[in-house]
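Note that the sequence shown covers residues 141 to 590 in my numbering.
All C-beta atoms in this analysis are idealised placements derived from N, C-alpha and C, irrespective of residue type, glycine included.
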Amino acid sequence: MEDKTVTLIISDLHVGGGDEDQGDDHVYDKQQLRNFIDQQTKSTEGQKGDVELIINGDFLEFAQVKSDVYKLGSAKYWCSEAESLLKLKAITTGHADIFEAFKRFQEKRNRLTIAAGNHDVDLYWPEVQKHLREVGGPIDFELGNVWYSRYQNRLRITHGHMFDPANKFERWNDPIIRDAEGGVARLEMCPGTLFMVKFVNWLEENGYPFADNLKPVTALGRILWGESRIGLLTVSWMLMRFAARHPTMVAGIKEMNEEIGKTLVKAIQRDDKFATEVTALYQKVRDSSATVDTVKLNLNNEDALFDFMTELIPLLEPKDWMPVFDKAKLGGTMSIGNPGRTLAIKAGNNVDKQFLWKKAQEQFLLDGAVKVVVMGHTHQPDEQHSQSGGTYYNPGSWTRYVDYEKNPNLTLADLANDKDFNYELNYVRVEQMNDKRLESKQITFDTDVR
Numbered sequence: 141m142e143d144k145t146v147t148l149i150i151s152d153l154h155v156g157g158g159d160e161d162q163g164d165d166h167v168y169d170k171q172q173l174r175n176f177i178d179q180q181t182k183s184t185e186g187q188k189g190d191v192e193l194i195i196n197g198d199f200l201e202f203a204q205v206k207s208d209v210y211k212l213g214s215a216k217y218w219c220s221e222a223e224s225l226l227k228l229k230a231i232t233t234g235h236a237d238i239f240e241a242f243k244r245f246q247e248k249r250n251r252l253t254i255a256a257g258n259h260d261v262d263l264y265w266p267e268v269q270k271h272l273r274e275v276g277g278p279i280d281f282e283l284g285n286v287w288y289s290r291y292q293n294r295l296r297i298t299h300g301h302m303f304d305p306a307n308k309f310e311r312w313n314d315p316i317i318r319d320a321e322g323g324v325a326r327l328e329m330c331p332g333t334l335f336m337v338k339f340v341n342w343l344e345e346n347g348y349p350f351a352d353n354l355k356p357v358t359a360l361g362r363i364l365w366g367e368s369r370i371g372l373l374t375v376s377w378m379l380m381r382f383a384a385r386h387p388t389m390v391a392g393i394k395e396m397n398e399e400i401g402k403t404l405v406k407a408i409q410r411d412d413k414f415a416t417e418v419t420a421l422y423q424k425v426r427d428s429s430a431t432v433d434t435v436k437l438n439l440n441n442e443d444a445l446f447d448f449m450t451e452l453i454p455l456l457e458p459k460d461w462m463p464v465f466d467k468a469k470l471g472g473t474m475s476i477g478n479p480g481r482t483l484a485i486k487a488g489n490n491v492d493k494q495f496l497w498k499k500a501q502e503q504f505l506l507d508g509a510v511k512v513v514v515m516g517h518t519h520q521p522d523e524q525h526s527q528s529g530g531t532y533y534n535p536g537s538w539t540r541y542v543d544y545e546k547n548p549n550l551t552l553a554d555l556a557n558d559k560d561f562n563y564e565l566n567y568v569r570v571e572q573m574n575d576k577r578l579e580s581k582q583i584t585f586d587t588d589v590r
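Structural data, given as structure tokens:
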């Protein structure tokens, strides 16, 4: 495939079902994406067919659109092809103008490439690709590789989720599991999608529409850690347990894990009334004949409790299990509203952003030919320059976002109105000059700064 003279890269649009979809976080109140595409089509390079537009992951919000379509309670398996297609059709119907703009862009012989991210792993399905081409023109797809390249490897691109343990797939080269439950082929489920489907969607439906815009996942964990409900603290503990697998996660996570984990285990062991209610959950999830003594024996340490919660969350709705955990009695040094709980985990707010920059530096060191690296995933715009002369970009998201480092005192109540947060719609432009040099820059297409 011959490279175009100009490559444009955007990511993390999270396009949902349009005006009828309350969970659609894509910024489209002024038809921003359609206008951006039309602008590029009308540009000098666009009229010549010299542009490739790459949407570098998380273009489509499969995890939230038509949540009723996915009914399987599983920590292992995500949508079937038929379920993904139903979700996709809600998106393409809700944003028909975007896909018509794609057609106009490609009619000029420009190229459109969509790379899968953790929110749109559904792009691997052949019927999903077929439908997108029907409504959006001859789209190309980047699937199966963590990194992909342009300009003889001088431009390297990845979404970034494969460096994030909470959103990593074990089989990214082929995440379709053909021998899934019931003999129906299904996609692999990653932990981040599980929490999105079973908890974050529930938060949004219960009055916190901005909950899924927080990046990284530890930001949501920290906000929940400041709440008074033990059920919310339990979710925070689960999120942080996944985040603690991150190789650069710093002090605070371990202490928080131990605090809430030990508290819950002690409550099960010492509070018979609480243990009885947990046993009722255990019977629904694992063993219908389990007794309180069985549960006390099997949930007698934090790892065992974590494994049980990982099984529970896909099978039961938050309204069914959170009220039970809210009844756990606090003990030891842990207390509701203790400022120390928040202070203990402020370290590492920027860990995902820093870690992707580290991964970009590795690319520059591994191959001296690499001059530009582009990633997404964090929703935080970034631009860094290596000592070797390479440049790293992250255009951020095309959703409203918040820089948690600059707003460390956010509470759950602050997430009740997503319009309170600003957006910055960026893209990366890379151009190959006549002498084969690459010139690159990050450009803001539209901004709403408060």
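Would you mind sorting residue i into buried or exposed? The rule is 16 or more other CB atoms within 10 Å of its CB.
{"i": "GLY300", "result": "buried"}
{"i": "LYS546", "result": "exposed"}
{"i": "ALA230", "result": "buried"}
{"i": "SER151", "result": "buried"}
{"i": "THR416", "result": "exposed"}
{"i": "GLU310", "result": "exposed"}
{"i": "SER224", "result": "buried"}
{"i": "PRO458", "result": "buried"}
{"i": "MET378", "result": "buried"}
{"i": "PRO278", "result": "exposed"}
{"i": "ARG249", "result": "exposed"}
{"i": "LEU445", "result": "buried"}
{"i": "LYS270", "result": "exposed"}
Could you give the distance in angstroms between the alpha-carbon of residue i and the alpha-carbon of residue j?
{"i": "LEU439", "j": "PHE448", "result": "8 Å"}
{"i": "TRP287", "j": "LYS406", "result": "45 Å"}
{"i": "SER289", "j": "VAL510", "result": "9 Å"}
{"i": "LEU456", "j": "LEU552", "result": "22 Å"}
{"i": "ALA325", "j": "VAL268", "result": "14 Å"}
{"i": "TYR422", "j": "GLN494", "result": "40 Å"}
{"i": "SER207", "j": "ILE453", "result": "15 Å"}
{"i": "TRP265", "j": "GLU221", "result": "6 Å"}
{"i": "TYR348", "j": "SER376", "result": "16 Å"}
{"i": "PHE339", "j": "GLN524", "result": "34 Å"}
{"i": "THR382", "j": "PRO305", "result": "According to the sequence displayed, residue 382 carries Phe and not Thr. Each residue's Cα considered, the two are about 7 Å apart."}
{"i": "ASP412", "j": "GLU451", "result": "22 Å"}
{"i": "GLY361", "j": "MET380", "result": "6 Å"}
{"i": "THR554", "j": "SER368", "result": "The question names Thr, yet the displayed sequence has Asp at residue 554. Roughly 15 Å separates the two Cα atoms."}
{"i": "PHE504", "j": "TYR532", "result": "9 Å"}
{"i": "MET141", "j": "ALA468", "result": "59 Å"}
{"i": "VAL514", "j": "PHE350", "result": "26 Å"}
{"i": "HIS235", "j": "ASN346", "result": "25 Å"}
{"i": "LYS402", "j": "ALA420", "result": "21 Å"}
List the whole-angstrom C-beta distance separating residue i from residue j, where the pair is believed to meet the contact cut-off of C-beta under 8 Å.
{"i": "GLY508", "j": "HIS519", "result": "In fact, because the Cβ distance is near 31 Å, the residues do not count as touching under 8 Å."}
{"i": "ASP522", "j": "TRP538", "result": "So it is not a contact: roughly 15 Å between Cβ atoms."}
{"i": "GLY156", "j": "VAL205", "result": "5 Å"}
{"i": "MET462", "j": "GLY371", "result": "3 Å"}
{"i": "TYR563", "j": "ARG540", "result": "5 Å"}
{"i": "ARG294", "j": "VAL512", "result": "7 Å"}
{"i": "MET329", "j": "ALA215", "result": "6 Å"}
{"i": "GLU344", "j": "GLY213", "result": "Incorrect: roughly 19 Å between the Cβ atoms, too far for contact."}
{"i": "ASP560", "j": "GLN172", "result": "Contact doesn't hold; Cβ gap of about 19 Å is too wide."}
{"i": "LEU148", "j": "HIS166", "result": "Their Cβ separation, rounded to whole angstroms, is 18 Å, which puts LEU148 and HIS166 out of contact at 8 Å."}
So, helix, strand or coil for residue i, using DSSP?
{"i": "LEU483", "result": "Low confidence applies here, because LEU483 scores a pLDDT of 31, under 50, leaving its location unreliable; read the following figure in that light. Here LEU483 sits in helix by DSSP."}
{"i": "TYR532", "result": "strand"}
{"i": "VAL432", "result": "helix"}
{"i": "GLN292", "result": "coil"}
{"i": "LYS227", "result": "helix"}
{"i": "LEU379", "result": "helix"}
{"i": "LYS546", "result": "helix"}
{"i": "GLY488", "result": "Below a pLDDT of 50, predicted positions are generally treated as unreliable, and GLY488, at 41, falls in that range; no measurement from the model is reported."}
{"i": "ARG251", "result": "strand"}
{"i": "HIS154", "result": "coil"}
{"i": "VAL514", "result": "strand"}
{"i": "TYR422", "result": "helix"}
{"i": "GLN524", "result": "strand"}
{"i": "ASP280", "result": "strand"}
{"i": "ARG369", "result": "coil"}
{"i": "PHE561", "result": "coil"}
{"i": "HIS301", "result": "helix"}
{"i": "GLU240", "result": "helix"}
{"i": "GLN172", "result": "helix"}
{"i": "ASN353", "result": "helix"}
{"i": "GLU201", "result": "coil"}
{"i": "HIS166", "result": "strand"}
{"i": "ASN341", "result": "helix"}
Would you check whether the ligand NAD has a heavy atom nearer than 6 Å to the C-beta of residue i?
{"i": "HIS259", "result": "Only the bare structure without any ligand can be found here, which leaves the ligand NAD out of the picture."}
- Query: Counting Cβ pairs closer than 8 Å, one from the segment 424 to 437 and one from the segment 306 to 321, do we hit at least three?
  - Reply: no
- Check whether the segment 248 to 263 touches the segment 182 to 198, counting contact only when three or more Cβ pairs, one atom from each stretch, lie closer than 8 Å. yes
- Message: Does the segment 171 to 189 come into contact with the segment 232 to 248, if we say contact requires no fewer than three beta-carbon pairs (one atom in each stretch) closer than 8 Å?
- Response: yes
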